[in-house]
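Just below is one structure, and these are the notes that go with it.
Number of protein chains: 2
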Amino acid sequence: TLTSFGVFLLQMGWGDLGVFGEPSKETPHLDQMAAEGMLFLDFYTASPLCSPSRAALLTGRLPVRNGFYTTNGHARNAYTPQDIVGGIPDSELLLPELLKKAGYTNKIIGKWHLGHQPQFHPLRHGFDEWLGSPNCHFGPYDSRERPNIPIYRDWEMIGRYYEDFKIDLKTGEANLTQLYLQEALDFISKQQASQQPFFLYWAIDATHAPVYASKQFLGTSQRGLYGDAVREIDDSVGKILKHLQQLGISENTFVFFTSDNGAALISAPKQGGSNGPFLCGKQTTFEGGMREPAIAWWPGHIPAGGVSHQLGSVMDLFSTSLSLAGLQPPSDRQIDGIDLLPVILQGKLIDRPIFYYRGNELMAVRAGLYKAHYWTWSNSWEEHSKGIDFCPGQSVAGVTTHTQEEHTYLPLLFHLGRDPGEKYPLSFASEEYQRAVEHISGLVQQHKASLVPGQPQLNVCDQAVMNWSPPGCEKLGKCLKAPESDPKKCSWPH
Amino acid sequence: TLTSFGVFLLQMGWGDLGVFGEPSKETPHLDQMAAEGMLFLDFYTASPLCSPSRAALLTGRLPVRNGFYTTNGHARNAYTPQDIVGGIPDSELLLPELLKKAGYTNKIIGKWHLGHQPQFHPLRHGFDEWLGSPNCHFGPYDSRERPNIPIYRDWEMIGRYYEDFKIDLKTGEANLTQLYLQEALDFISKQQASQQPFFLYWAIDATHAPVYASKQFLGTSQRGLYGDAVREIDDSVGKILKHLQQLGISENTFVFFTSDNGAALISAPKQGGSNGPFLCGKQTTFEGGMREPAIAWWPGHIPAGGVSHQLGSVMDLFSTSLSLAGLQPPSDRQIDGIDLLPVILQGKLIDRPIFYYRGNELMAVRAGLYKAHYWTWSNSWEEHSKGIDFCPGQSVAGVTTHTQEEHTYLPLLFHLGRDPGEKYPLSFASEEYQRAVEHISGLVQQHKASLVPGQPQLNVCDQAVMNWSPPGCEKLGKCLKAPESDPKKCSWPH
Numbered sequence: 001t002l003t004s005f006g007v008f009l010l011q012m013g014w015g016d017l018g019v020f021g022e023p024s025k026e027t028p029h030l031d032q033m034a035a036e037g038m039l040f041l042d043f044y045t046a047s048p049l050c051s052p053s054r055a056a057l058l059t060g061r062l063p064v065r066n067g068f069y070t071t072n073g074h075a076r077n078a079y080t081p082q083d084i085v086g087g088i089p090d091s092e093l094l095l096p097e098l099l100k101k102a103g104y105t106n107k108i109i110g111k112w113h114l115g116h117q118p119q120f121h122p123l124r125h126g127f128d129e130w131l132g133s134p135n136c137h138f139g140p141y142d143s144r145e146r147p148n149i150p151i152y153r154d155w156e157m158i159g160r161y162y163e164d165f166k167i168d169l170k171t172g173e174a175n176l177t178q179l180y181l182q183e184a185l186d187f188i189s190k191q192q193a194s195q196q197p198f199f200l201y202w203a204i205d206a207t208h209a210p211v212y213a214s215k216q217f218l219g220t221s222q223r224g225l226y227g228d229a230v231r232e233i234d235d236s237v238g239k240i241l242k243h244l245q246q247l248g249i250s251e252n253t254f255v256f257f258t259s260d261n262g263a264a265l266i267s268a269p270k271q272g273g274s275n276g277p278f279l280c281g282k283q284t285t286f287e288g289g290m291r292e293p294a295i296a297w298w299p300g301h302i303p304a305g306g307v308s309h310q311l312g313s314v315m316d317l318f319s320t321s322l323s324l325a326g327l328q329p330p331s332d333r334q335i336d337g338i339d340l341l342p343v344i345l346q347g348k349l350i351d352r353p354i355f356y357y358r359g360n361e362l363m364a365v366r367a368g369l370y371k372a373h374y375w376t377w378s379n380s381w382e383e384h385s386k387g388i389d390f391c392p393g394q395s396v397a398g399v400t401t402h403t404q405e406e407h408t409y410l411p412l413l414f415h416l417g418r419d420p421g422e423k424y425p426l427s428f429a430s431e432e433y434q435r436a437v438e439h440i441s442g443l444v445q446q447h448k449a450s451l452v453p454g455q456p457q458l459n460v461c462d463q464a465v466m467n468w469s470p471p472g473c474e475k476l477g478k479c480l481k482a483p484e485s486d487p488k489k490c491s492w493p494h
Numbered sequence: 001t002l003t004s005f006g007v008f009l010l011q012m013g014w015g016d017l018g019v020f021g022e023p024s025k026e027t028p029h030l031d032q033m034a035a036e037g038m039l040f041l042d043f044y045t046a047s048p049l050c051s052p053s054r055a056a057l058l059t060g061r062l063p064v065r066n067g068f069y070t071t072n073g074h075a076r077n078a079y080t081p082q083d084i085v086g087g088i089p090d091s092e093l094l095l096p097e098l099l100k101k102a103g104y105t106n107k108i109i110g111k112w113h114l115g116h117q118p119q120f121h122p123l124r125h126g127f128d129e130w131l132g133s134p135n136c137h138f139g140p141y142d143s144r145e146r147p148n149i150p151i152y153r154d155w156e157m158i159g160r161y162y163e164d165f166k167i168d169l170k171t172g173e174a175n176l177t178q179l180y181l182q183e184a185l186d187f188i189s190k191q192q193a194s195q196q197p198f199f200l201y202w203a204i205d206a207t208h209a210p211v212y213a214s215k216q217f218l219g220t221s222q223r224g225l226y227g228d229a230v231r232e233i234d235d236s237v238g239k240i241l242k243h244l245q246q247l248g249i250s251e252n253t254f255v256f257f258t259s260d261n262g263a264a265l266i267s268a269p270k271q272g273g274s275n276g277p278f279l280c281g282k283q284t285t286f287e288g289g290m291r292e293p294a295i296a297w298w299p300g301h302i303p304a305g306g307v308s309h310q311l312g313s314v315m316d317l318f319s320t321s322l323s324l325a326g327l328q329p330p331s332d333r334q335i336d337g338i339d340l341l342p343v344i345l346q347g348k349l350i351d352r353p354i355f356y357y358r359g360n361e362l363m364a365v366r367a368g369l370y371k372a373h374y375w376t377w378s379n380s381w382e383e384h385s386k387g388i389d390f391c392p393g394q395s396v397a398g399v400t401t402h403t404q405e406e407h408t409y410l411p412l413l414f415h416l417g418r419d420p421g422e423k424y425p426l427s428f429a430s431e432e433y434q435r436a437v438e439h440i441s442g443l444v445q446q447h448k449a450s451l452v453p454g455q456p457q458l459n460v461c462d463q464a465v466m467n468w469s470p471p472g473c474e475k476l477g478k479c480l481k482a483p484e485s486d487p488k489k490c491s492w493p494h
């Protein structure tokens, strides 16, 4: 029988889990998952922002290859808001498309975020089932300016955030996580009953601003509303793993937990999480922006209590899943993910670099314990003066810069073992610096020489493409009138 | 039979342990100790500096009561360097003095730090045996200016740092931790053989600058020399616990691991540790300066894998040990420690505040999850401009101040659950602020009303009292000539 996969992709920081030192230690089920499986301490997402990371996970390719980036400005983070015109190109091969050919049933629960126009629908890209939203459910709410985000079941919307899926913005109460949990349990039961292998991608948005939790979790965390949401996610993960065990299929289901970007410190303290000892957060290419909590779980296969320092990436989930399914990755394109099975099952360490991109720019590269910054930037003085701060309470001279600083010819080098917080650049004159930078610069040259950037998908915005009239709206009487098309360059301030 | 005690008092930050989220996760034995015992997440030392914390641990009393503070300046940290005249007053009752009456054999291995003049000798204050040094082994070394610190065995010195107990300052190599480990193992064996209850206080200095490790540990850590020292300590703790188990006395030995102050970030990255997500480090009354790693271990009594949010203090080790020995704490003086046995054995939570003192000033108070700062200060602009930085890479406006800022009438209030990093003071106008501050101010009033400060011991310095001619020096030909006595006010810049 084929091995099934579960991927939990949350929006949490490295430091949000008890097992990673969150001082409230309120994630007993994730801590238990780690105790039963393997903890990755050096695991990365592919972008400091959500949409590009998700596209990277599902394609096994860097956003600069799969098109999830912008060229509207230099080194700008871009994602898929309601007015984005682009999305996942048909030319990209997604993990569920490949698994489908091997007989897998693929389900996404939660936020898709790879484009919301019809051609980008997840069921057109390999998924068989969907319950969730195409975008983040940002404000303003119930305004004329933009429709509330729809929630889909498979091909059609079944309602909208706030209108049909209530979130009390004052209390943070919403029962969506319970809905998404039940959906996961039911799907797993169905697959077990029909003995069909599956890929379940559980990518819910409770910890993304505006943060929410169910009534039974509200007020239960020391950490406030964000902690309530984390506790509910933790509880849900525990219930899903227990369900796999009770159905007797846990030894045949490979499960991975990780996150799509570092905690959004701009939303702290009420809605922002923790990146532990790391520098800055979401939106930046410092460790706080891209190093993620990660746990692999597969009872009977992965030795309990394992810890790995393998440099890993969300893109590896693509390659690892294919390997488990006995499939070959596509050979007609560059795949950035690697197969982690030798790491997970045999304790190997595979030498590979981590590339930290911000939009169209390679900002930094990690090889071994060294990280070289070719560009540094947090955000502009202009944004910063408005109170937008990606590094609250942190300031490292020459590192957390508010102008884009180029270091191409003399990269800033950090040793992440001695200095995980990226506070003490190595002396340019040291032998250690020269040896490490020479090595990393070779990797950069090799990487850039073979790089074929994809067509950028996140350049054009148009109010007309918003979720005015998603399929199914007519049955619900929820179709809205779109304005005239007026495509513009999207504005990406950071 | 009476329960024996082991106290490991190290110089490490909250974030230095794998179980507290250090990203290299290199402390398997301490993590295992936590898995077998109880982890305290909200445990504090009694001062952001070493000597006063140690005096507090052994007396169960705040430094401002037991005399380990200075009045030479406002809110100044003071300790016991070589030229200090004061030390632990005879009027203080130390834990080993009390235990001795109940038949315990008491041993200190490592740094005493409660004064080095003859009247302060640990064997005059209840300890039966000693291997270690009276002070830190600071530089300058082999100079005329000051003698190298002696190492004592019991009443007499057996050599000096650098001269007889080598530390290679270039490589950091020294075998002292191995010496101290062997001494602990031998002492435990001896006590087990004679069936005598014991108190072992293992307070070694490998992670205090200048940091050292044995050859077998040098270069083994991702974290550099500091990490090598941590690994050796971790390994030693593991060996001592295993020894207790192999001798069959682990169920009759209560063991506690903690630290005397937060990691010294001024020594980072080479010799400084990690305070995890907390603000600043040693020398400050922010969480990074005083929240400590803490683990209780007592197989067969403490349920494995326990976690406690009890607000704990090193002073509680005094009261807890007495309780275990069936002794009453002295009733003729104020004891600040509480008996943690109901917490450890029955999972209770005892309501009690934590007082954060810097020298003679009550800087902050924690009650529940709220912490009120009555004074804020990191260090002076003058010191800071010399590169002395207790909060490297961190800067929170109005909080990590470089002038002593008084907030007596409107304390800065933080909620440590939502904001463990002390970055977001609560609004003065909020109901939450008013409720919490009213409660804490009541505690402060009560505390101050009953406070009888001790005679300050750390005011006077004199080159003549340095370790020129410790007892035993003549046998070794290591007596040095002391200069004329010239007592002065000690200078405490921060």
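Sequence lines, in order, name chains L and U.
The C-terminal position of the first sequence is numbered 494 in UniProt numbering, with every residue numbered one higher than the one before it.
The C-terminal position of the second sequence is numbered 494 in UniProt numbering, with every residue numbered one higher than the one before it.
We treat Cβ as the ideally placed atom computed from N, Cα and C, and that holds for glycine.
- With respect to the 7 Å criterion, L/L279 and L/E422 are classified as neighbours on the basis of their beta carbons.
- With 16 or more other Cβ atoms inside 10 Å of its own Cβ, L/I204 counts as buried.
- Within the same chain, and ignoring the five residues on either side of L/K107 in sequence, the residues whose Cβ sits closer than 6 Å to its Cβ are E129, F187 and L200.
- At a Cβ-Cβ threshold of 7 Å, U/G87 and U/G115 count as neighbours.
- In the structure shown, U/R231 adopts helical secondary structure according to DSSP, grouped into three states.
- Against chain U, the beta carbon of L/S323 has no neighbour under 9 Å; the closest one sits roughly 26 Å away.
- Between U/Y162 and U/Y141, the gap from beta carbon to beta carbon is short of 7 Å.
- Within the same chain, G337, I338 and L340 come within 7 Å of L/D316 by CB-CB distance, once the 5 residues on both sides are set aside.
- Under the three-state reduction of DSSP, U/Y374 is assigned to coil, being neither helix nor strand.
- The beta carbon of U/V307 sits closer than 6 Å to those of L39, all from its chain and outside the five residues before and after it, given in chain order.
- U/F318 has its alpha-carbon roughly 16 Å from the corresponding atom of U/W297.
- Here L/Y433 carries a helix assignment [DSSP, helix/strand/coil].
- Only buried fits U/R223, as 16 or more other CB atoms lie within 10 angstroms of its CB.
- Comparing alpha-carbon positions, the option among U/T71, U/V396 and U/Y370 lying closest to U/S491 turns out to be U/T71.
- Just measuring C-alpha positions, the residue of L/T1, L/E26 and L/N77 sitting nearest L/S380 is L/N77.
- Under the DSSP assignment, U/F318 falls in the alpha helix (DSSP H) whose first and last residues are M315 to L324.
- Using a Cβ-Cβ cut-off of 7 Å, U/L41 counts as an interface residue toward chain L, since at least one Cβ of chain L sits closer than that to its own.
- Taking a cut-off of 8 Å on C-beta distances, the segment 277-293 of chain L does not touch the segment 60-71 of chain L, as fewer than three cross pairs fall below it.
- For L/K215, the secondary structure class from DSSP, reduced to helix, strand or coil, is coil.
- Ranked by Cα distance from U/T320, the first of U/F254, U/L218 and U/P353 is U/F254.
- Listed along chain L, the residues sitting closer than 7 Å to U/V307 by beta-carbon distance are K25.
- In the three-state reduction of the DSSP assignment, L/S395 falls in the coil class.
- In terms of CA proximity to L/G172, L/L218 leads the group L/L218, L/I354, L/G6 and L/G248.
- Under the three-state reduction of DSSP, U/C50 is assigned to helix.
- Note that the C-beta distance between L/L57 and L/V314 is below 7 Å.
- Contact between L/T285 and L/A397 does not hold, since the beta-carbon distance rounds to 18 Å and is not under 8 Å.
- Any Cβ of chain U closer than 7 Å to the Cβ of L/P353 would place that residue at the interface, and such an atom is absent.
- In the three-state DSSP reduction, L/F355 falls in the strand class (E or B).
- Going by DSSP, L/D31 is part of the alpha helix (DSSP H) stretching over P28 to E36.
- Taking a C-beta distance under 7 Å as the contact criterion, U/P122 and U/P470 do not qualify as a contact pair.
- When DSSP states are grouped into helix, strand and coil, U/V255 belongs to the strand group.
- Pairwise C-beta distances place the segment 261-281 of chain L in contact with the segment 391-408 of chain L, as three or more of them are shorter than 8 Å.
- In this structure, L/S53 lies near L/D260, with their beta-carbon atoms less than 7 Å apart.
- Pairwise C-beta distances place the segment 5-20 of chain U in contact with the segment 260-270 of chain U, as three or more of them are shorter than 8 Å.
- U/P456 is the residue among U/P456, U/A184 and U/K488 whose C-alpha sits nearest the C-alpha of U/G359.
- Annotation: the segment 267-336 of chain U contains the following complete segments of the alpha helix (DSSP H) (minimum length 4 residues), in chain order: 287-290 and 315-324.
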